[in-house]
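Written out below as structure tokens is the structure these notes cover.
Residue numbers (our numbering): 2 to 66.
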């Protein structure tokens with residue numbers, strides 16, 4: 002079964018938790034590496050979602066002209 006992609010808000014919340022864990026400084030190096038990889042994936046996901054919404058909004062606004 003395919004894993005459901007996170008929503009933008011879910012991804013942002015996960016990013017906030019990862020940042021808090023990293024700032025806490027108690028992470029093992031191996032875990033830190035995994036957290037950074039996950040954060041990178043989430044950032045890419047958020048950027049893609051924001052880009053898509055931006056394009057959709059531009060299209061809708063163009064239709065008003």
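Think of the CB as a built atom: it goes at the ideal place given N, C-alpha and C, for glycine as much as any other residue. In this text the structure is predicted, and so the values were computed from the model without any measurement.
Legend entry - Under the three-state DSSP convention, the category residue 8 falls into: Within the chain shown, numbered from 1, the residue matching residue 8 stands at position 7. If DSSP states are grouped into helix, strand and coil, residue 8 belongs with coil.
Legend entry - For residue 65, the three-state DSSP class (helix, strand or coil): On the chain shown, position 64 is the one that residue 65 refers to. Correct three-state label for residue 65: helix.
Legend entry - Nearest to residue 43 (by Cα), restricted to the options 4, 6, 8 and 12: Within the chain shown, residue 43 is the residue found at index 42, counting from 1. Comparing Cα positions, the closest option is 12.
Inset, instruction - Return yes when the Cβ of residue 15 is within less than 8 Å of the Cβ of residue 7, no when it is not. - result: Position 6 of the chain shown holds residue 7. Position 14 of the chain shown holds residue 15. Result yes, Cβ atoms of residue 7 and residue 15 sit closer than 8 Å.
Legend entry - Local Cβ density within 10 Å of residue 65, reported as buried at 16 or more and exposed below that: In the chain shown, the residue the question calls residue 65 occupies position 64. Flag for residue 65 reads exposed.
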